Amino acid sequence: STHNQRIERLWGDVGAQFFRYWRAFFLRLEHLHGLDPGNPHHLWLLHSLFLGEINLDCETFRAHWNQHAVSGTHDQTPEDMRFLSAVEHGVYNDYRDELSGVHPDLLQRYYGTEGNVHVRSHGQTGAGHSSDEGADHSEPGDEAELDPIPISELEDAVAADQEPNIRHDPIPVADHRNPFPNPELQQLFWDAYDEVCNNGILPQDMMLLDSEWDEGGYPSTGEIPYGSRGTRRLVIPLPRELWYPRAVAWCRAIRLLEQVVFDFDML
Numbered sequence: 179s180t181h182n183q184r185i186e187r188l189w190g191d192v193g194a195q196f197f198r199y200w201r202a203f204f205l206r207l208e209h210l211h212g213l214d215p216g217n218p219h220h221l222w223l224l225h226s227l228f229l230g231e232i233n234l235d236c237e238t239f240r241a242h243w244n245q246h247a248v249s250g251t252h253d254q255t256p257e258d259m260r261f262l263s264a265v266e267h268g269v270y271n272d273y274r275d276e277l278s279g280v281h282p283d284l285l286q287r288y289y290g291t292e293g294n295v296h297v298r299s300h301g302q303t304g305a306g307h308s309s310d311e312g313a314d315h316s317e318p319g320d321e322a323e324l325d326p327i328p329i330s331e332l333e334d335a336v337a338a339d340q341e342p343n344i345r346h347d348p349i350p351v352a353d354h355r356n357p358f359p360n361p362e363l364q365q366l367f368w369d370a371y372d373e374v375c376n377n378g379i380l381p382q383d384m385m386l387l388d389s390e391w392d393e394g395g396y397p398s399t400g401e402i403p404y405g406s407r408g409t410r411r412l413v414i415p416l417p418r419e420l421w422y423p424r425a426v427a428w429c430r431a432i433r434l435l436e437q438v439v440f441d442f443d444m445l
C-alpha cells in the first residue's frame with residue numbers, strides 16, 4: 179500500500195515530484211555514461227555535482243507541500259495550521275528547547291515529574307502521612323533527584339528501550355570518499371573542469387555526440403524498475419533541455435577525474 183497513511187502518500191508525492199527523475203537520470207549515467215555505483219570516487223563526484231540541485235528540489239517540494247490542503251482539517255494547509263497554532267498558543271522567542279521535537283508521550287515516560295515510586299511502611303496509606311515519616315524519609319541530598327535529567331541520559335534511555343524493536347542490521351552507507359589527498363589538488367581539478375566547460379569540450383565515446391546515436395538522437399525518457407521483483411519498467415520523462423546538460427557535466431567531470439586518478443597512480 180502507498181495510499182493508506184499520510185507518510186506513505188508523502189513518499190509517493192516525493193517520488194512523483196522529483197525523486198523518480200533523479201533515479202532515472204542516475205540509471206542513465208550508469209547505463210550510458212560510465213557511472214560505476216561501486217566506485218567511491220564516482221559517488222563522491224555525484225555528490226559534488228548534483229547534491230546541491232537535489233537539495234534545491236527537496237526545498238522546492240517542501241515549500242509546495244506546506245501550501246497544500248490536508249484532508250480532515252477543513253482544507254487547512256500545514257502553513258495555516260502552524261500560523262493558527264502560533265496565534266492560539268503563542269511562540270517562543272530567543273529560546274531553544276532541546277526537547278521541542280520529542281513526542282509528549284516520550285517526555286511523560288522518560289522525563290516526567292512522577293519521580294521514583296515511593297515504598298510506604300506497613301500501615302501507611304499515604305493519606306495523612308507526611309513525606310518525612312517512616313522508611314520513606316528523605317535526606318537533604320535527595321532533592322538532587324528532582325534535577326532535570328540530562329538530554330544525553332534521555333536519549334540513552336530511549337535507545338535502550340527501543341533496542342528490542344530493532345530487527346535489522348544497520349544499513350551501510352556507501353563509500354564516497356574524496357579521491358584527492360589535499361584541498362589544493364582538489365581545487366586544481368575543479369579549475370581544470372571549469373576550463374573544459376568554458377571551452378565547450380565534449381568527451382568522445384561517452385554517448386553524448388549526435389554521431390554516436392541513431393536517427394532518434396539522445397533519448398528524452400528514462401526507465402526505472404519497479405514491482406516486487408523489479409522486472410517491470412516505469413518510463414520517466416527526462417527532457418533534453420534539462421537533463422542533457424547534466425549528463426554533459428557528468429561526462430566531462432568523470433573523464434577528467436579518471437585521468438587525474440590515473441596520473442596519481444603513475445606517481
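This note's numbering applies: residue 179 is where the sequence shown begins, and numbers increase by one. A virtual CB, placed ideally from N, CA and C, is assigned to each residue, including glycine. What you are looking at is a predicted structure, and each value in this text was computed from that prediction instead of being measured.
Is the beta carbon of residue j closer than 8 Å to that of residue i?
i              : j              : result
alanine 202    : leucine 420    : no
leucine 284    : valine 336     : yes
arginine 355   : tryptophan 222 : yes
leucine 227    : tryptophan 428 : yes
isoleucine 402 : leucine 386    : no
proline 400    : arginine 206   : In the sequence under discussion, the amino acid at residue 400 is glycine, which differs from the proline named in the question. Contact: yes.
arginine 418   : tyrosine 404   : no
histidine 225  : methionine 384 : no
isoleucine 232 : tryptophan 200 : yes
tyrosine 288   : leucine 229    : no
glutamine 254  : alanine 247    : yes
Quick one: what's got a C-beta closer than 6 Å to residue i's C-beta in the same chain, skipping five residues either side?
i             : result
histidine 219 : Pro357
proline 256   : Asn244
aspartate 353 : Pro218
alanine 322   : Because alanine 322 carries a pLDDT of 45, less than 50, the predicted location of this residue cannot be relied on, and no value is offered for it.
Could you round the C-beta distance between residue i and residue j to whole angstroms and report it? I think they count as a contact, below 8 Å.
i                 : j             : result
phenylalanine 261 : glutamine 195 : Not quite, the Cβ-Cβ distance comes to about 24 Å (not below 8 Å), so this is no contact.
Leaving out five residues on either side along the sequence, give the residues of the same chain with a beta carbon under 7 Å from the beta carbon of residue i.
i                 : result
phenylalanine 197 : none
valine 438        : Phe367
Counting only the same chain and skipping the five closest in sequence on each side, list residues whose C-beta sits under 8 Å from that of residue i.
i              : result
leucine 380    : Leu386, Leu387, Val426, Cys429 and Arg430
isoleucine 185 : none
leucine 213    : Phe204, Leu207, His220, Leu224, Trp428 and Ile432
Flag residue i as yes if its beta-carbon sits less than 8 Å from any beta-carbon of chain D, otherwise no.
i             : result
glutamate 419 : Annotation note: the requested chain D is absent from the structure, which comprises a single protein chain.
Continuous beta strand (DSSP E) assignments of at least 3 residues falling wholly in the region 321–370 = The DSSP assignment places no complete run of the beta strand (DSSP E) inside the region 321–370 (cut-off: 3 residues).
Inside the region 385–444 only - alpha helix (DSSP H) runs reaching at least 4 residues = When DSSP assignments are scanned along the region 385–444, the uninterrupted stretches of alpha helix (DSSP H) that are 4 or more residues long and fall wholly within it turn out to be 418–444.
Those runs of the beta strand (DSSP E) which lie wholly inside the region 181–207 and span at least 3 residues | Listed in chain order, there is nothing to give.
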